[in-house]
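Mapping of the sequence shown onto UniProt numbering: residues 1 to 636, in sequence order. The structure appears below as structure tokens.
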Amino acid sequence: MKLMKFLQEKETIRDNQAESNLFARRALISFIGVLILTGVLLTNLYHLQVVNYDAYQTRSNGNRIKLLPIAPTRGIIYDRNNKILAENLTFFGLYIVPEKVDNLEETFNQLRQIVGLTDDDIDAFKKERRRSQRYTPILLKADLSEDQIARFSVNQYAFPSLEVKPYFKRHYLYGEPLTHILGYVARINDRDVERLKQEEKEANYSGTHDIGKLGIERYYEDELHGQVGFEEVEVNSQGKVIRKLREQPAVAGKNIRLTLDVDLQRYIFNLLGDQKAAVVVMNPKDSSILAMVSTPSYDNNLFVDGISYQDYQRLLNDPERPLYSRALQGAYPPASTVKPFIAVAALTEGVITPNTTFYDPGYFMIPNTSKRFRDWLKTGHGATNVIKGITESSDTFFYNVAYQMGIDRLSDWMTKFGFGQSTGVDILEETNGVMPTRTWKQKRYKKPWFQGDTIPVGIGQGYWTATPLQLAKALSILINNGKVNTPHLMQEIIGNQVEYYQDKHQYPDITEPNEAYWNIAKQGMYGVVNSPNGTARKAFAGTPYKVAGKSGTAQVFSLKENETYNSKNLSKHLHDHAWFNAYAPFNDPEVIVTIIMENAGGGSGNAAPIVRQIFDYYFAHQPQTSPVNPSGVSTQ
């Protein structure tokens with residue numbers, strides 16, 4: 001009882017005022033806390049909705065609005081007669097948005113069974129992905145067949161992030177005959193990406209898979225490619241396009257018309273057959289290239305989708321070297337084809353006159369030495385002047401000329417004719433050849449130049465090498481009395497406006513020789529084909545047009561002093577190369593033909609007959625003009 005009473009008394013002494021104050025303080029603290037939290041919330045809301053509105057709006061749009069690149073259509077390439085050489089065909093490919101796929105490897109394994117996905121396809125996809133923007137469709141499988149499209153369509157429900165879309169692919173209508181001129185486009189690789197970044201062009205290749213790799217496709221890439229466009233689209237959470245918001249159309253690449261005659265090109269290609277050879281056909285009036293053939297060749301269409309490893313190794317290891325353009329990259333001793341050019345130089349320098357005569361016993365000896373430089377004709381040509389020296393191709397005459405000119409003047413003059421340097425042709429894959437000098441030999445071989453090195457240069461041998469296109473250019477300079485035109489393949493670029501070819505190189509003309517000296521060289525070349533002792537008279541007998549030309553037989557190796565050349569005892573690869581360099585008609589030249597035939601033997605006997613057939617074809621296929629009477633009115 002006492003305990004209960006005590007507890008009741010204790011309960012009656014509670015301090016209600018204190019409890020009330022405590023509650024008020026707690027309520028105030030809670031209210032202040034709510035105010036602070038509300039303030040923080042309102043502040044963040046203000047920053048979100050007002051201060052950072054644009055940033056968050058952009059991020060929001062970024063999740064639902066995408067810019068999809070529109071690849072431009074590549075320009076078409078035509079020949080001079082408007083025949084299509086390179087076009088774009090529509091194919092279908094399987095595209096994937098990799099960011100929308102949970103397990104790429106599993107997806108790839110499934111697609112191997114459905115569309116025949118290969119390791120090469122996957123490798124190409126991975127390379128393309130490295131340079132592509134996120135959430136952009138990337139080509140996974142190119143060139144789908146109808147059967148593959150049908151199989152994928154049946155299974156498409158399982159692949160919401162993949163779709164079949166059309167795309168353009170380059171197609172070369174004539175294949176092998178034009179490969180070394182047109183080149184090809186192929187997949188953009190890491191080196192291309194680095195170069196495009198350096199040139200600040202990478203953005204213009206968004207959505208583009210291919211780029212020009214060789215030939216015209218490479219040289220005129222900027223003109224052929226065009227300008228990328230884009231679509232601004234709204235997508236759902238699955239990455240599917242809901243609607244298109246706006247579009248900036250792509251600008252198609254410009255078309256290019258070449259100076260090339262594809263029918264002439266194909267004729268020459270078939271004429272050469274299996275021979276390792278090169279032919280250049282050029283108009284001397286403006287140095288426009290009508291044909292430029294290199295055999296053997298390969299089909300450039302192999303590279304468009306990416307050549308297989310096996311096919312590439314086969315081409316790379318082929319002993320016939322089909323990847324190699326002999327017209328532009330083949331550097332051979334020019335042999336006797338250069339004698340007319342040396343004659344002009346020697347006449348201008350006063351080393352010889354039109355009446356200078358050297359006796360040719362069949363060899364030449366440097367004074368006070370026993371070394372003999374042999375003539376191709378063992379018995380020699382007897383008393384020989386400059387025209388006879390060219391017509392009969394007297395080595396001894398030009399040994400004398402080289403000895404008296406010396407390497408310095410020889411090299412300077414032949415450089416004026418374009419040797420040892422780029423021709424300026426609008427293809428990047430070109431070698432300069434070698435026009436030897438004292439400095440060149442010292443740098444190349446760490447040895448001084450000897451007098452004996454100069455003598456074979458006089459007949460286009462020794463260290464001197466040149467390409468078929470260089471020889472064609474040199475002949476055009478001779479025909480035009482020193483006027484230098486740059487060989488070219490582009491005739492016009494067709495866009496909103498037509499851009500005609502303009503020579504940007506402007507090589508200096510050769511102005512020192514007088515007209516008589518040019519005519520002497522031409523007369524010698526006329527004799528090669530038309531005189532009784534001309535080395536190529538048989539090949540051109542009975543032509544309805546007049547030809548001037550010069551043969552050349554380039555030695556692959558040097559004979560010992562008393563050794564006799566006998567091709568029957570030599571392996572094929574040691575046989576001489578056959579050259580012929582010619583133009584027609586003689587009085588009003590309109591076409592040059594230059595040919596090199598590897599290991600074919602003598603130029604007059606083997607190369608000249610081929611040149612005859614090319615001239616015959618050319619003149620037979622020229623448009624016939626109606627005869628005009630003195631009043632200027634056609635008689636037909």
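Backbone N, C-alpha and C fix where the C-beta goes; we use that ideal spot for every residue, glycine too.
Run of the beta strand (DSSP E) containing residue i, from where it starts to where it stops
i    : result
P166 : 162-172
R257 : 255-258
S288 : 288-295
P69  : 65-70
Q283 : Per the sequence shown, the amino acid found at residue 283 is Asn instead of Gln. That run of the beta strand (DSSP E) goes 277-283.
T553 : 548-554
K141 : 138-141
Euclidean distance between Cα positions of residue i and residue j
i    : j    : result
I477 : D286 : 10 Å
Y399 : G458 : 5 Å
H171 : N88  : 6 Å
V34  : L42  : 12 Å
G306 : K66  : 30 Å
I592 : Q113 : 57 Å
K371 : M365 : 6 Å
I595 : A331 : 13 Å
W449 : L410 : 14 Å
Q523 : W440 : 34 Å
G495 : Q502 : 16 Å
I96  : E217 : 28 Å
N368 : I455 : 15 Å
Y545 : A584 : 7 Å
T208 : A186 : 11 Å
Q451 : F419 : 21 Å
A343 : Y205 : 53 Å
Q49  : Y78  : 59 Å
S394 : E499 : 47 Å
N514 : Q313 : 54 Å
V529 : A203 : 58 Å
L22  : L45  : 34 Å
Among the options, nearest to residue i - alpha-carbon criterion
i           : options                : result
N599        : N368, V556, I256       : V556
D453        : I84, Q523, I407, I493  : I407
P249        : N103, Q227, T259       : Q227
K483        : F91, T535, E512        : E512
F540        : A608, I494, T553, N481 : A608
L347        : P160, T90, A516, K546  : A516
V304        : L264, P340, I211, N385 : I211
N485        : P137, D375, Q506       : Q506
L178        : Q265, F341, I289, Q110 : Q265
S294        : G380, L469, N317       : L469
L272        : D261, N283, L290, S297 : S297
residue 637 : H488, I510, V498, G462 : Nothing can be reported for residue 637: it is not among the residues displayed for the chain, which extend from 1 to 636.
G116        : L144, D102, Y500, P98  : L144
E603        : P623, H575, F269, G350 : Correcting the residue identity first, residue 603 is Gly in this sequence and not Glu. Ranking the options by Cα distance to G603, first place goes to H575.
Pair within 8 Å by beta-carbon distance, residue i and residue j
i    : j    : result
P69  : F230 : yes
G93  : A142 : yes
E590 : R257 : no
G75  : K213 : no
L140 : P334 : no
V547 : F580 : no
G382 : D412 : no
I138 : R129 : yes
T543 : A578 : no
I390 : K550 : yes
D375 : T356 : no
L85  : Y167 : no
H180 : A327 : yes
G460 : S336 : yes
I289 : L428 : no
Residues near residue i by beta carbon distance below 8 Å, same chain, minus five either side
i    : result
T415 : Q421, M435
D311 : L302
Residue range of the alpha helix (DSSP H) that includes residue i
i           : result
H577        : Careful: H577 lies outside any alpha helix (DSSP H), inside the beta strand (DSSP E) at 577-584.
residue 641 : There is simply no residue 641 to check, as the chain begins at 1 and stops at 636 in what is shown.
P340        : 339-349
I610        : 608-620
N485        : Element bounds for N485: n/a, residue is neither H nor E.
E515        : 515-530
7 Å CB neighbourhood of residue i in its chain, flanking five on each side removed
i    : result
D616 : none
E563 : Residue placement at E563 is flagged as unreliable, the pLDDT there being 45, under the threshold of 50; the coordinate-derived value follows with that caveat. Correct list: empty, nothing qualifies.
N236 : I242
Contacts around residue i, its chain only, beta-carbon distance under 6 Å, and the 5 residues preceding and following it disregarded
i    : result
L111 : L117
V338 : G460
G362 : D375, K378, T379, G380
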